[in-house]
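The next block holds one structure in the form of structure tokens; read it before the comments.
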Amino acid sequence: MVGQLADVDPKYRGRLAITLGNKSFETAGTASFHGIVDSGKCYCNSAFLGSISQLAGFVMNANEGVNLEKEPFVDHG
217 MVGQLADVDP KYRGRLAITL GNKSFETAGT ASFHGIVDSG KCYCNSAFLG SISQLAGFVM
277 NANEGVNLEK EPFVDHG
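Written as structure tokens, this is what we have:
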């Protein structure tokens, strides 16, 4: 799904499973941070935050009522 809107580097893909409620715009998901390397200079690798915030983007873009040609939701990280 995200691949239609953005090219996400494999180092930032922590999402494993998502359940979406179309009518309520609610989602539940699991993320695994296994394999995400230390960020080096930063306090926290942005992959941790990106993996979690991608859940919000998914629920906004994958629900049955959205038209991605007119109104895609973009998380600027």
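Numbering (my numbering), first residue to last: 217 to 293.
Cβ coordinates follow ideal geometry from the N, Cα and C atoms, glycine included.
Rounded C-alpha distance that separates N261 from G245: N261 and G245: Cα-Cα distance of roughly 20 angstroms.
L265 by DSSP, collapsed to three states: which one? Three-state DSSP puts L265 in a helix.
With a threshold of 16 other CB atoms inside 10 Å of the CB of S267, please say whether the residue is buried or exposed. Answer is buried; the Cβ neighbour count reaches 16.
Alpha carbon to alpha carbon, how far is N279 from F241? Give it in angstroms, no decimals. Answer to the nearest angstrom: the Cα atoms are 7 angstroms apart.
Note the first and the last residue of the continuous beta strand (DSSP E) segment covering G245. Per DSSP, G245 is one residue of the beta strand (DSSP E) stretching across 242 to 247.
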